[in-house]
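Numbering (our numbering), first residue to last: 9 to 172.
From the three backbone atoms N, C-alpha and C, an ideal C-beta is built for every residue, glycine too.
Some notes on the structure that comes next.
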């Protein structure tokens, strides 16, 4: 009887450890706020951190950049490029860095310099993956068409931020 009770208690402790481990794994990867992107092609934003809160937006654009401003358990409070804030499940938010061209047509250049050759142009609203950020420039890759863009034309990169 004591062995059976000990096994049940041990099982409960182990299950509690697994649950706690899952909660730790769901912690945000960086200090907030930080930029991320929407992972799936369809993601709901909710008014609060739980499925019992009503959906306020349905995003149908994978890789759209978002700024994570808060977290609660497996939920992330995000802000989209228009400034709309709400909650998404953590699995809907990817650490993949993307940016949205804003303002004017952005010139993608061969090198991170104003005098460098323009290889592509991207209209406002175009989303691409960013890398190699520094000195006011980021490499933007839009479905294989890549070049360096001044960060002032991008939403999804903090001023002065550097990325490998």
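State buried or exposed for residue 161, treating a residue as buried only when at least 16 other CB atoms are found within 10 Å of its CB. Residue mapping note: residue 161 aligns to position 153 of the chain shown, counting from 1. Buried, because 16 or more other Cβ atoms sit within 10 Å of the Cβ of residue 161.
Can you list, in chain order, the residues of its chain whose CB lies under 7 Å from that of residue 150, leaving out five sequence neighbours each side? Residue numbering aside, residue 150 sits at position 142 when the chain shown is read from its first letter. For residue 150, where only same-chain residues beyond five positions count, the Cβ hits under 7 Å are 130, 134 and 136.
For the putative contact between residue 46 and residue 76, defined by C-beta atoms under 8 Å, what is the C-beta separation to the nearest angstrom? One-based indexing of the chain shown puts residue 46 at position 38. One-based indexing of the chain shown puts residue 76 at position 68. 11 Å between Cβ atoms; not a contact.
Taking DSSP's pairing of strands, which residues face residue 49 in a bridge? Numbered from 1 along the chain shown, position 41 holds the residue referred to as residue 49. In the DSSP output, where bridge partners are listed per residue, residue 49 has none listed.
Taking DSSP's pairing of strands, which residues face residue 62 in a bridge? By one-based count along the chain shown, residue 62 stands at place 54. Answer is none; residue 62 lacks a bridge partner.
Relative to the alpha-carbon of residue 39, which residue among 122, 79, 58 and 70 has its alpha-carbon at the smallest distance? The residue you call residue 39 lines up with position 31 of the chain shown. Comparing Cα-Cα distances from residue 39 to each of 122, 79, 58 and 70, the minimum goes to 79.
Confirm, please, whether the CB-CB distance from residue 107 to residue 126 is below 9 Å. Locating residue 126 in the chain shown gives position 118, counting from the first residue. Locating residue 107 in the chain shown gives position 99, counting from the first residue. No, they are not a contact pair.
By Cβ distance, which residues of its chain are closer than 6 Å to residue 142, with the 5 residues on each side in sequence left out? Locating residue 142 in the chain shown gives position 134, where the first residue counts as 1. If we look at residue 142 and ignore the five residues flanking it on each side, its Cβ neighbours are 170.
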